[in-house]
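Student: Below: one structure in structure tokens.
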Amino acid sequence: MAVVDVSEADFDVEVIERSRTTAVVVDFWAAWCGPCRALTPLLEQAAGAREGSVVLAKVDTDANPRLAQAFGIQGIPAVKAFRDGVVVQEFVGAQPPAVVESFFDAVVPSEAELLAAAGDEPSLRAAVALDPQRAGAAVALARILLARAELDEALALLEPLAADFQVEGLRARIRLQRAGRCAPAIAALDAGDDEQAFELLLGEPPDEDVRIFIVGELDRRGAGDPLVRETRRRLAAALY
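Numbering (the numbering used here), first residue to last: 9 to 248.
Structure representation (structure tokens):
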């Protein structure tokens, strides 16, 4: 089981950076704190049951007052879970075993999440089988299927998902493919040439399905991408 004592000197490395690949649960405690001594074995037991998926980091608030201040610690024990560099779950005070177990369940990646992160088709299929409403896995698998023109199966994957830009974009793509439209742009997209794909799509009649398809693919790339900013500008000009 990974349990580490963390100080102000190595908090960024042991907690913030490590949490980008593995969940880190931080126990803010002090030697004089009776409830801390009661909680620690429960935290260690929960972390040990999930070995390899979570690290338990212990911060002595007396020895590291600046960390306690930075994270607004006003009472101990205080427990904060980090993923991707930020706090995602937290609680204060000694808790019963069931509450501690539920806390760890919410923090540590599920089997479906781990399979989805693998990204290959068999893993994505297994992730969707475990959780059909896991949008990330279903969307990634739908993209693989659409590249093979397996439209019906891709649409079936998208059906149970809540609407978002990428889900709606892929549904629009399916409608366009079924209508025999935008084939060169779709081929460029599947080949990884997003710039060419957007250029071709912007040359299409700016109807609703084309717009939704473009917006979904822009969302996939992320708002900070220069190509996304330029394409959004050109799309707005074409529409308005």
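Glycine included, every Cβ here is placed at the ideal spot set by N, Cα and C.
From a predicted model like this one, the values you see are computed outputs, not experimental measurements.
Taking 8 Å as the threshold (C-beta atoms), are Ala146 and Gly127 in contact?
Tutor: no
Student: Count the C-beta pairs between the segment 35-55 and the segment 83-102 that are closer than 8 Å, then say yes if the count reaches three, no if not.
Tutor: yes
Student: For Glu25, does the three-state DSSP call read helix, strand or coil?
Tutor: helix
Student: Grouping DSSP H, G and I as helix and E and B as strand, with all else coil, what is Glu212?
Tutor: Reduced to three states, the DSSP call for Glu212 is coil.
Student: Looking at the unbroken alpha helix (DSSP H) that takes in Asp113, where does it start and where does it end?
Tutor: 105-115
Student: Tell me which residues share the same chain as Ala38 and place their Cβ nearer than 7 Å to its Cβ, disregarding the 5 neighbours each side in the sequence.
Tutor: Cys44, Asp68, Thr69, Asp70, Ile84
Student: Considering only residues of the same chain and omitting the five flanking positions on each side of Ala120, which have a CB-CB separation below 6 Å?
Tutor: Ala135, Leu138, Asp139, Arg142
Student: Anyone know if the C-beta pair for Ala31 and Val107 falls short of 8 Å?
Tutor: no
Student: Are the segment 190-204 and the segment 165-174 touching, with three or more C-beta to C-beta distances below 8 Å?
Tutor: Result no; under three Cβ-Cβ pairs closer than 8 Å.
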